[in-house]
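Colleague:
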Amino acid sequence: MSVIYVLLTISIIIAVLFFIAFIKAVKSGQYDDDYTPSVRILFEDELVKTKPNKTIKKQKSN
135 MSVIYVLLTI
145 SIIIAVLFFI
155 AFIKAVKSGQ
165 YDDDYTPSVR
175 ILFEDELVKT
185 KPNKTIKKQK
195 SN
């Protein structure tokens with residue numbers, strides 16, 4: 135039974151260490167995306183769906 139307590143304690147310590155490492159990485163800008171905004175303008179036409187022009191031209195009758 136004491137092995138379970140030891141393993142549980144070790145796993146909680148490791149989980150806390152990984153969480154602290156994740157928080158430090160986020161605060162230091164590790165996950166900031168600098169590439170996508172510069173490329174987004176190149177693919178803007180594919181992202182925006184435009185509605186087809188529904189205007190109907192009337193023919194002149196003589």
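Note that the numbering used here numbers the sequence shown so that position 15 is 149, with each residue one more than the last. Glycine is no exception: its CB is placed at the ideal position from the N, C-alpha and C atoms.
Just reading off the alpha helix (DSSP H) that Ile175 is part of, what are its end residues?
Modeller: Here residue 175 refers to the residue found at position 41 when the sequence shown is read from its first residue. Per DSSP, Ile175 belongs to no alpha helix (DSSP H) and is neither H nor E.
Colleague: Starting from the C-beta of Tyr165, find all residues in its chain whose C-beta is less than 8 Å away, skip the five residues before and the five after it, and write them out in chain order.
Modeller: As a position in the sequence shown, residue 165 is number 31, starting the count at 1. Cβ neighbours of Tyr165 beyond the five flanking positions: Ala159.
Colleague: Starting from Ser145 and walking both ways along the alpha helix (DSSP H), at which residues does that stretch end?
Modeller: On the sequence shown, residue 145 is found 11 positions in, with the first residue counted as 1. Per DSSP, Ser145 belongs to the alpha helix (DSSP H) from 136 to 161.
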